[in-house]
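So the sequence shown is residues 4 to 230, counted in this note's numbering. Using N, Cα and C, we set each Cβ at its ideal position, and we do this for glycine too.
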Amino acid sequence: MKSFLKIFFPVVGAGLLAFILSVSIRANGGLAATFTASGFAFGFNLFKLAGLTAFTLVGFQVLTGPFMQFWTWLYGPAFYRIHGFMGVFALAFSILHPVILYWALIASGIGIIEFSKSYGAAYYLGPAALLLMIVTVSTAASAVFLHKPLFQKHWRWIHYANYIIFLLVFIHSLRIGSDVAPADSPLRPVWWLFFLGMIAGLVYRRVYLVFQARQVEALESVAGKHL
């Protein structure tokens with residue numbers, strides 16, 4: 004069973020990412036239309052794919068983070084590195100997302116400020132999430148890869164910022180995401196499943212585990228009094 008699960012979860016994750024990207028590619032008219040477009044359209048297609056990949060990886064981090072005990076049982080302590088690499092790739096695609104957009108805008112002679120105004124306040128949730136992600140990913144990477152004691156002590160608390168990042172990007176994409184914002188988008192149910200998973204993980208981490216720890220402390224206290 005354990006061997007099956009080791010293969011099952013990566014396959015499901017890869018399949019989900021492939022489905023998410025395929026929705027955008029189909030909306031563009033297919034693979035050929037996506038990658039052979041010219042001018043601003045080509046950059047915009049890549050911009051969307053980078054954003055969808057970034058959100059999916061952030062979603063995977065939020066879904067796996069609260070259940071580290073299970074993942075380390077399944078994959079061993081190496082899963083901390085897997086989780087760290089996931090964050091690094093999420094940050095990389097999050098940076099590519101605006102970089103590709105700005106490159107496409109500049110190359111097409113479209114003003115960045117003029118473009119951003121057309122999307123309203125939801126546009127700025129993306130840059131806010133990116134800045135926060137730089138802090139959390141650099142902290143987590145320092146804890147996992149560089150073994151810095153100070154970072155190892157505090158990185159879990161800073162890692163809670165992933166929930167804020169997720170919510171910022173969740174709202175950002177639902178409001179103005181070209182492939183997610185339309186009411187009939189097949190990605191909207193997936194996004195809401197990510198959201199429900201985030202809530203479940205937060206409740207598990209901040210309610211169930213805390214309650215369980217207090218019960219253990221109470222039992223140990225009672226047992227200590229009878230010794």
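- Taking the C-beta atoms as reference points, PHE96 is found nearer than 8 angstroms to LEU60.
- The shortest C-alpha to C-alpha distance from ALA17 to any of GLY112, ILE98, LEU99 and THR56 is the one to THR56.
- Listed in chain order, the beta strand (DSSP E) runs fully inside the segment 162-207 amount to none, counting runs of at least 3 residues.
- The Cβ-Cβ distance between SER27 and LEU52 falls below 8 angstroms.
- Counting the other CB atoms within 10 Å of its CB gives GLN64 a total of 16 or more, which places it among the buried residues.
- The DSSP-derived three-state label of ALA17 is helix.
- Inter-residue distance for LEU135 and VAL172 is about 11 angstroms (C-alpha atoms, whole angstroms).
- Remark: C-beta atoms of TYR122 and ILE115 do not approach each other more closely than 8 angstroms.
- Apart from the 5 residues on each side of it in sequence, ILE179 sits with its Cβ closer than 7 angstroms to the Cβ of TYR122, ALA125 and TYR126 in its chain, given in chain order.
- Judged by beta-carbon spacing, ALA132 lies beyond the 8 angstroms limit of ILE109, meaning their Cβ atoms are not closer than that value.
- If you check the CB distance, LEU190 and ASP182 come in under 8 angstroms.
- Going by beta carbons, PRO80 and ARG208 fall outside the 8 angstroms limit.
- The C-beta of ILE103 has 16 or more other C-beta atoms within 10 Å across all chains shown, which makes the residue buried.
- Residue nearest to ASN165 within the set ASN48, LEU94 and LEU8 is LEU94 (criterion: CA-CA distance).
- In the structure shown, SER121 adopts coil according to DSSP, grouped into three states.
- Under a 10 Å Cβ-count criterion, LEU8 is classified as exposed, with fewer than 16 other Cβ atoms of the shown protein chains found around its own Cβ.
- In terms of Cβ geometry, LEU66 and GLY200 form a close pair [threshold 8 angstroms].
- When ILE10, LEU196, SER111 and TRP74 are compared, the shortest CA-CA separation from SER41 is found for SER111.
- By the C-beta density criterion, THR142 is buried, having at least 16 other C-beta atoms within 10 angstroms.
- In terms of Cβ geometry, PHE58 and SER176 form a close pair [threshold 8 angstroms].
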